[in-house]
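Take a look at the structure set out below.
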Amino acid sequence: MKLPESYYHSADVITLSKDLIGKYLFTCIDSVTTGGYIVETEAYNGVIDKASHAYGNRLTPRTKTMFMHGGIVYIYLCYGIHEMLNIVVSGEGVPHAILIRAINPTEGLEAMQVRRNMPLVKPTITSGPGSVAKALGISRNINAVSLQSDTIWIEDRDLTFFDESIAAVPRVGVDYAGEDALLPYRFYIKGNPYVSKPNK
DNA sequence: GAGATGATTAGCT
DNA sequence: GCTAATCATCTCC
């Protein structure tokens with residue numbers, strides 16, 4: 001059921017970002033399994049992407065996770081408040097990453113409500129990268145954990161969407177990245193209520 | 001060691 | 001629409 005290790009070894013981070021739409025993401029934190037299918041992603045295209053932490057081969061204690069082999073997660077703190085979940089892909093030394101921006105929850109709904117302190121009827125419960133991480137119980141202490149582990153993993157349950165229902169638009173919150181901010185590296189399911197920000 | 005800042009969100013106007 | 005919250009990390013000195 002879990003996506004195989006080889007799935008994450010592709011260097012085509014753009015195609016993979018789109019392919020992850022409709023895949024199921026699960027975590028098992030504190031003995032509680034929570035998860036759902038991915039409805040929104042963003043690609044971070046390695047050393048040539050000004051929006052990426054690893055732009056220009058910037059290797060620091062934080063970004064070194066992105067330089068590891070594909071098939072692990074990269075988690076970091078943003079704005080001092082929010083944890084962000086990324087999937088590291090490609091091979092060692094190539095810092096490609098995919099930001100999970102939103103999921104449609106299907107498992108562990110009660111646990112998510114408690115973690116988010118809001119009712120499940122609110123789509124914002126898992127809308128936006130900070131919200132996804134919080135709902136799934138993700139924190140920096142599972143940074144660099146393998147997606148073959150029993151803590152966090154992704155499954156293919158044969159849920160697929162037509163190309164026409166997947167939008168490709170510029171990314172969110174990366175205006176500082178100059179012309180790279182205009183690249184259509186954000187993918188989402190049109191009309192899904194859990195997709196963050198503009199959604200048509 | 002100090003200073004600036006961000007792949008955001010929630011709550012208020 | 002606007003802004004406070006809040007701190008690890010990075011960049012210089």
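FYI, the numbering used here numbers position 163 of the first sequence as 163, with every residue one higher than the one before it.
All residues carry an ideal CB built from backbone N, CA and C; glycine is no exception.
This structure is a prediction, so every number in the text was calculated from the model and none was measured.
For the alpha helix (DSSP H) containing residue i, name the first residue and the last one.
i, result
"Glu110", "109–116"
"Val132", "129–135"
Just confirm the distance between the C-beta atoms of residue i and residue j, as a whole number of angstroms; I'd bet it's less than 8 angstroms.
i, j, result
"Lys64", "Glu155", "28 angstroms between Cβ atoms; not a contact."
"Gly35", "Leu136", "7 angstroms"
"Pro193", "Pro123", "4 angstroms"
"Ser196", "Ser90", "26 angstroms between Cβ atoms; not a contact."
"Val13", "His96", "4 angstroms"
"Ile189", "Ile21", "6 angstroms"
"Gly71", "Glu5", "5 angstroms"
"Ala144", "Met68", "7 angstroms"
DSSP beta-bridge partners for residue i?
i, result
"Phe187", "Thr41, Ala168"
"His212", "Absent from the structure is residue 212, since the part of the chain shown begins at 1 and ends at 200."
"Val73", "Ile87"
"Asn192", "In DSSP, Asn192 forms no bridge with anything."
"Ser149", "Its beta-bridge partners do not exist; DSSP assigns none."
"His96", "Asn45, Val89"
"Ala11", "Ala11 pairs with nothing; no bridge assigned."
"Pro105", "Gly36"
"Glu155", "Lys2, Tyr24"
With respect to the beta strand (DSSP E) encompassing residue i, which residues constitute its N-terminal and C-terminal limits?
i, result
"Val202", "What is shown of the chain runs 1 to 200, which leaves residue 202 out entirely."
Original post:
Can you list, in chain order, the stretches of the beta strand (DSSP E) that have 3 or more residues and sit fully within the stretch 17–68?
Top reply: Counting only runs that start and end inside the stretch 17–68, the beta strand (DSSP E) elements of at least 3 residues fall at 24–29, 32–45.
**OP:** Would you check if the stretch 45–52 and the stretch 167–180 touch, i.e. whether three or more CB-CB distances between them fall below 8 angstroms?
**Re:** The stretch 167–180, when compared against the stretch 45–52, does touch it at the 8 angstroms Cβ threshold.
Original post:
Is the stretch 5–22 touching the stretch 30–41, taking contact as three or more C-beta pairs under 8 angstroms?
Top reply: In this structure the stretch 5–22 lies against the stretch 30–41, because at least three pairs of beta carbons, one per stretch, are closer than 8 angstroms.
**OP:** Could you tell me whether the stretch 142–149 touches the stretch 97–111, where touching means 3 or more Cβ pairs closer than 8 angstroms?
**Re:** No, they do not touch.
Subject >> Any 3 or more C-beta pairs closer than 8 angstroms across the stretch 126–141 and the stretch 81–100 >> reply: With the cut-off at 8 angstroms, the stretch 126–141 and the stretch 81–100 touch.
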